Amino acid sequence: MDLLDRLSLDVPVGQAGMGGGLAGPQLAAAVAAAGGLGTLGLLPARELRDSIAEVRARAPGRAVAVNLLTPFLRRSQISVCIRERIDVAVVAFGGDRDLVEKLRAAGIFVFVMVGTAEQTRRAVSWRADGLIAQGCEAGGHLCGTTEALSFLPQALALADGRPVLLAGGIATADDTRAALATGASGAIAGTRFLLTHESQAHPEYQRRVLAADSTLRTTLFGLGWPAPHRVIPNAATRRWCDADGTAKMAPRIINARSAVLARLPGAASVARIQTPRLPLYSPVAPTVGMPATAVDRAACYAGQTALRMSSVTSAAEALRDLSPEGQ
Ligand SMILES: Cc1cc2nc3c(=O)[nH]c(=O)nc-3n(C[C@H](O)[C@H](O)[C@H](O)COP(=O)(O)O)c2cc1C
């Protein structure tokens, strides 16, 4: 299969769909218009519908992709994707055969994000069209513990000929070329696109990511979704994590018992009452419109590539920087 043709791409590079409003229509459309795979992060159903329309209007003739963050996915959001005939769905952090079948039956190209051999076998048994192999150096939530380029050969061996995109550690054209040379059909970047003018990340969050000299794998921001995630350190992690990122006992207990919260409407509003003093930390990241102080009490997701990045650019420039033909 020629993936570039199938997904109407000029460049084998995609932007990760980052939830909580971080990757909205401005970012997805800018990436798509520049020839990459622009992906909307999961949004409430009505906003998702409008955002899909906006990407179509701003990037005519390009694929519209939506990230389906399954711990927070509702039936209404799946219906919007099907009704609006999106081109690509990325099923992440869960999913099942029914979901994949339903999307495929609607003509949607379905990627499943995987981080272990077991997850890969499962995604293949669901008959996913493609896989995204995520490495543990990635920003945001993590589905495995192996570095991207080490995991990729394993994912390829199990993929049964399906295209595999590599996520994690993609900051430059050389990184993309290394992914392609190892057998990936393309590369996906999150942190690089977080640091663009079109992302909805709070400017102070972007500034902190650029200034960071380390990242942490933690479970601290796990209210409602106690899965590991990679962030840069802030006041909350300094207060509630050990030096290696392990969350202390109090937040761990609270998070382990809070899974039901993810499904409650308004769970995101917990972010507004977060303080570095109280170990109640939801997965919501600081976006434009929040006070700058949110960066010290919310999850500032970023991958290890943060340590190699030096500026906030336009999304088109970021895509050019990652293009295997460039630099
Ligand atoms: C700020 C941020 C938010 C993210 N949100 C999501 C999300 O909502 N859904 C998802 O599947 N992956 C999410 N991810 C993970 C990405 O899919 C991808 O695996 C990761 O960004 C790749 O690593 P990189 O950030 O080093 O490029 C997020 C990553 C970041 C940095």
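According to numbering that gives the first Met the number 0, the residues represented by the sequence shown are 0 to 326, in order.
We put the beta carbon where it would ideally sit given N, CA and C, even for glycine.
Bear in mind the structure is a predicted one, so any value in this text is a computation, not a measurement.
Own chain partners of residue i with C-beta closer than 8 angstroms, once the 5 adjacent residues on each side are dropped
{"i": "LEU209", "result": "LEU194, ALA305, MET308, SER309, SER310, VAL311"}
Whole-angstrom distance between residue j and residue i, CA atom to CA atom
{"i": "CYS142", "j": "PHE92", "result": "7 angstroms"}
{"i": "ALA226", "j": "ARG216", "result": "10 angstroms"}
{"i": "ASP320", "j": "ALA180", "result": "18 angstroms"}
{"i": "VAL230", "j": "LEU151", "result": "23 angstroms"}
{"i": "VAL111", "j": "LEU222", "result": "24 angstroms"}
{"i": "PHE220", "j": "LEU279", "result": "8 angstroms"}
{"i": "ARG338", "j": "ALA158", "result": "Here the chain comprises residues numbered 0 to 326, so residue 338 is not present and cannot be evaluated."}
{"i": "GLU46", "j": "HIS140", "result": "23 angstroms"}
{"i": "ARG48", "j": "ALA29", "result": "18 angstroms"}
{"i": "GLY182", "j": "VAL163", "result": "8 angstroms"}
{"i": "LEU3", "j": "VAL87", "result": "13 angstroms"}
{"i": "ILE81", "j": "LEU39", "result": "15 angstroms"}
{"i": "ALA27", "j": "GLN14", "result": "7 angstroms"}
{"i": "ALA105", "j": "GLU83", "result": "10 angstroms"}
{"i": "TRP239", "j": "HIS201", "result": "23 angstroms"}
Cross-strand partners of residue i (DSSP beta bridge)
{"i": "GLN14", "result": "ALA188"}
{"i": "ILE131", "result": "MET112, LEU164"}
{"i": "VAL65", "result": "LEU39, ALA88"}
{"i": "VAL230", "result": "LEU215, TYR300"}
{"i": "CYS142", "result": "DSSP output for CYS142 lists no bridge partner at all."}
{"i": "THR195", "result": "THR312"}
{"i": "THR181", "result": "According to DSSP, THR181 bridges with nothing at all."}
Cβ neighbour criterion (16 or more within 10 Å) applied to residue i
{"i": "ASP174", "result": "buried"}
{"i": "SER78", "result": "exposed"}
{"i": "THR190", "result": "buried"}
{"i": "GLY325", "result": "exposed"}
{"i": "ILE187", "result": "buried"}
{"i": "LEU212", "result": "Inspection of the sequence shows that residue 212 is occupied by Asp rather than by Leu. Exposed, because fewer than 16 other Cβ atoms sit within 10 Å of the Cβ of ASP212."}
{"i": "SER149", "result": "exposed"}
Distance cut-off 7 angstroms: residue i Cβ against heavy atoms of ligand 3
{"i": "VAL89", "result": "As for ligand 3, it is missing from this structure, which binds only ligand 1."}
Cut-off 7 angstroms between Cβ atoms - residues of its own chain near residue i, not counting five sequence neighbours on either side
{"i": "GLN25", "result": "GLU197"}
Contact set for residue i: own chain, Cβ-Cβ below 6 angstroms, skip 5 residues either direction
{"i": "GLY138", "result": "GLY189, THR190, ARG229, TYR300, ALA301, GLY302"}
{"i": "ALA293", "result": "PRO285"}
{"i": "GLN153", "result": "ALA116"}
Chain C within 8 angstroms of residue i, Cβ atoms only
{"i": "GLY223", "result": "Here there is only one protein chain, and chain C is not present."}
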